[in-house]
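Written out below as structure tokens is the structure these notes cover.
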Amino acid sequence: MSRIHVIGAGLAGLSAAIAATGAGRPVTLYESTAAGGGRCRSYFDTELGIRLDNGNHLLLSGNKSAFAYIAAIGARDLMTGPRNPVFPFVDLKTGREWTLRPNRGRFPWWLLFAGRRVPKASMREHLDIRQLGREWDDTVMTETMRHSSLYWLLLEPLSVAALNTRPHEALACLFGAVLRETLLKGGKACLPRLPKEGLSEALVDPAIATLRNRGADIRFNRRITGLTIENARVTALETTDEPVPVEPADSVILAVPPWVAGELVPGLTVPNAFESILNVHFKTVVKADPDIREAGFLGLVNGTAEWIFLKPDHLSVTVSAANQLIDRSAEDLANIVWRNVAKALGLEGARETEMPPYRVIKERRATIVANVVQEERRPGARTAFDNLTLAGDWTDTRLPGTIEGAVRSGVTAVRMILSPPKDGERRRKKKLSPNDN
Ligand SMILES: Cc1cc2nc3c(=O)[nH]c(=O)nc-3n(C[C@H](O)[C@H](O)[C@H](O)COP(=O)(O)OP(=O)(O)OC[C@H]3O[C@@H](n4cnc5c(N)ncnc54)[C@H](O)[C@@H]3O)c2cc1C
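Numbered by numbering that gives the first Met the number 0, the letters in the sequence shown go through residues 0 to 436 in order.
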């Protein structure tokens, strides 16, 4: 049977390989590094002597594609999270603490209770979230939001986390898409979910094991350096060794980052602006308040640190859209972040002043910038070449660069191979761009 060659073993490539083998197709998976996971991975930090994730990755129960993938790789039990939707926050400027507690059902009765919603924000303002992103090029932050506590205490932190882009340029339609699949569907769709152990243990290793069980040929340390294209088809994959022939009925899914895809595929326009994410891991354990323990994390506003995650043997802190900070020294960054952590968690005395051992991980190209210019540069799955399909969180998924988008793009690429759309059925983008197909 015709083979599907998947290039890149990040979540998009793994999802494609799982979908393809699930449909009974033989798969070869090529990954340039020694392990899968790409931007979503764990490793053993020899200096701290603990296992770390490159960065905290939060899923919400409404991330349907991600959870279908997790079910397909048999990893449901490897994820954890609270029974009910719970989002504790602290404002570092005012010291105010609050916990957002949506009810589980679709009808949002939780908004009737001031103690469950954002402080100083009315029920009406909460309901207005549904209007976000009416025009496709609206940004998350608008003039009218400048004085709204709902904006500063909820929309700003959530949109920066979900879009990894500052709200004055972040596209509201992408944020709206995330909210419509989660918070706006009711509390059952916004249960926070995190890996029990690590990202690789929950999202990568079980996928590799499933693929091996299904007979997939997995080649680590195998960088694809070029595509041989003849008569609008990929006929071979170039590597540093022998080229790998692509038989006439075979297909190729390219699930590499955009800058690699741009080099490999002639004439392809790809996103070319990126935002960083900074993670600081502190080797210490803190006994936090019950709401924080219930959630497993705490959201911070008016600080540099944005989210603190409680891990069994460390605290892990995330700062998104961090391009402006990323060139500062690791020590500086750890100091700034630790001061925020100590204040947020109410640490006093030596615990406040003595920073625990730390590791700073700078992901410089964590995701594409979620703005209008980059949105127009996101290509669909289909390419100008008959047997070549694209996947990755940066393709036109109608979602920001997230696990949900990456996984969905892998499934879309496989669907396109198994049942290619007829010309008339091709999807249109919101605006015409050079990549429209
Ligand atoms: C610090 C951080 C925090 C994040 N937090 C969240 C979060 O909380 N929630 C969320 O949903 N998302 C989050 N994300 C985004 C999420 O990690 C990505 O959307 C997702 O992992 C992208 O997967 P991908 O497969 O599209 O790309 P990648 O992970 O980049 O995978 C591409 C793969 O291709 C391989 N490759 C590259 N070139 C070649 C080549 N020439 N030949 C063969 N292989 C090649 C790479 O090594 C890599 O394994 C976060 C990202 C970062 C960096």
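Each residue gets a CB set at the ideal place from its N, CA and C atoms; glycine is no exception.
Between ligand 1 and the CB of P256, the shortest heavy atom gap is smaller than 7 Å.
Contact between the stretch 221–229 and the stretch 54–61 is not established, with fewer than three Cβ pairs separated by less than 8 Å. According to DSSP, Y29 shares a beta bridge with I6 and R218. Annotated as proximal: P101 and G186, with beta-carbon spacing under 8 Å. In the three-state reduction of the DSSP assignment, D385 falls in the coil class. In this structure, DSSP gives V245 a state outside helix and strand, which the three-state scheme calls coil.
Straight through space, the alpha carbons of T396 and I252 are spaced by roughly 15 Å.
Of the heavy atoms belonging to ligand 1, none sits nearer than 7 Å to the Cβ of L51. With fewer than 16 other CB atoms across the displayed protein chains lying within 10 angstroms of its CB, Q130 is exposed. Taking 4 residues as the minimum length, the alpha helix (DSSP H) runs contained wholly in the stretch 31–111 are 63–71, in order along the chain. For A341, the shortest C-beta to heavy atom distance toward ligand 1 is 7 Å or greater. In terms of side-chain proximity, the C-beta atom of S60 is found no nearer than 7 Å to any non-hydrogen atom of ligand 1.
Under the three-state reduction of DSSP, N301 is assigned to coil, being neither helix nor strand. Between ligand 1 and E200, a heavy atom-to-CB distance of less than 7 Å is absent.
In terms of CA proximity to I402, N55 leads the group R50, T32, K286 and N55. Taking 7 Å as the cut-off, the C-beta of H167 does not count as close to any heavy atom of ligand 1. Counting along the chain, no beta strand (DSSP E) covers L263; the unbroken alpha helix (DSSP H) around it starts and ends at P257 to L263. Here H146 is exposed, its C-beta having fewer than 16 other C-beta atoms within 10 Å. In this structure, ligand 1 has a non-hydrogen atom nearer than 7 Å to the beta-carbon of I276.
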